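Asks: The numbering of the sequence shown is this note's numbering, which starts it at 4 and goes up by one.
We treat Cβ as the ideally placed atom computed from N, Cα and C, and that holds for glycine.
Since the structure is predicted, the reported quantities are computational estimates derived from the model, not experimental observations.
Once you've had a glance at the structure underneath, I'll fire off some questions.
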Amino acid sequence: NWPYHGSAPGWVFCLIGFAKLYIYLLLRNPNQWGSRSAFVTLRDAGRLSKWADPQDTHSDEAETLRPVLNRCELVAIGIQRGTLDEQSYKDWCRTTLVKDRIACKGFVMQIRENDRHHTYYCEFEKLAKKWALRDEKPRT
4 NWPYHGSAPG WVFCLIGFAK LYIYLLLRNP NQWGSRSAFV TLRDAGRLSK WADPQDTHSD
64 EAETLRPVLN RCELVAIGIQ RGTLDEQSYK DWCRTTLVKD RIACKGFVMQ IRENDRHHTY
124 YCEFEKLAKK WALRDEKPRT
């Protein structure tokens, strides 16, 4: 019966959360949305950790990686706090989030070490590990 009677379905609140996130990120950095294709090119080329070298901190490649990682971290925080619906987001882009995390692991580990700040992108890491399928998890 919605929108005429009762409360809105859960997907509506998820959509509102995504819209808020999109507007926030767009206002914060209007140029970052074009960076996804550049990120995918870098991700698929592999060895992203080389762009974490302190001498490459301001390289175009590092500047391409950070906004994508920042978005992933913000999404993970939104899910953790209940602002975004976890199941809806998982259904929408679980594979992409996990694939990005696997590809960026070396980069993230290196910038954590460089800056001695071991919590960079930790919520993104936790969420990707939680969502990873058995064959996407590292072998121990």
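#1: Hey, would you say I82 sits closer than 8 Å to L136, going by beta carbons?
#2: Does the stretch 83-92 come within contact of the stretch 58-68, defined as at least 3 CB pairs closer than 8 Å?
#3: What is the residue span of the alpha helix (DSSP H) that R84 lies within?
#4: Would you mind working out which of L45, K53, S38, E64 sits nearest N117, comparing C-alpha positions?
#5: Considering only their Cβ atoms, is the gap separating L72 from A106 smaller than 8 Å?
#6: Answer with buried or exposed for A79, where buried requires no fewer than 16 other C-beta atoms within 10 angstroms of its C-beta.
#7: Looking at W134 and K93, is the spacing between their C-beta atoms short of 8 Å?
Replies: On the basis of the data shown:
#1: By one-based count along the sequence shown, residue 82 stands at place 79. By one-based count along the sequence shown, residue 136 stands at place 133. Their beta carbons are not under 8 Å apart, which means I82 does not touch L136 by this criterion.
#2: no
#3: Position 81 of the sequence shown, counted from the start, is the residue given in the question as residue 84. For R84, no alpha helix (DSSP H) encloses it, and the DSSP letter there is neither H nor E.
#4: Working through the sequence shown from its first residue, we reach residue 117 at position 114. Of the candidates L45, K53, S38, E64, the one whose C-alpha sits nearest the C-alpha of N117 is K53.
#5: Numbered from its first residue, the sequence shown carries residue 106 at position 103. Numbered from its first residue, the sequence shown carries residue 72 at position 69. Taking 8 Å as the cut-off, the beta carbon of A106 is found no closer than this to the beta carbon of L72.
#6: The sequence position of residue 79 within the sequence shown is 76, counting from 1. By the Cβ neighbour-count rule, A79 is buried, with 16 or more other Cβ atoms within 10 Å of its own.
#7: Your numbering for residue 93 matches position 90 in the sequence shown. Your numbering for residue 134 matches position 131 in the sequence shown. For K93 and W134, yes; Cβs fall inside 8 Å.
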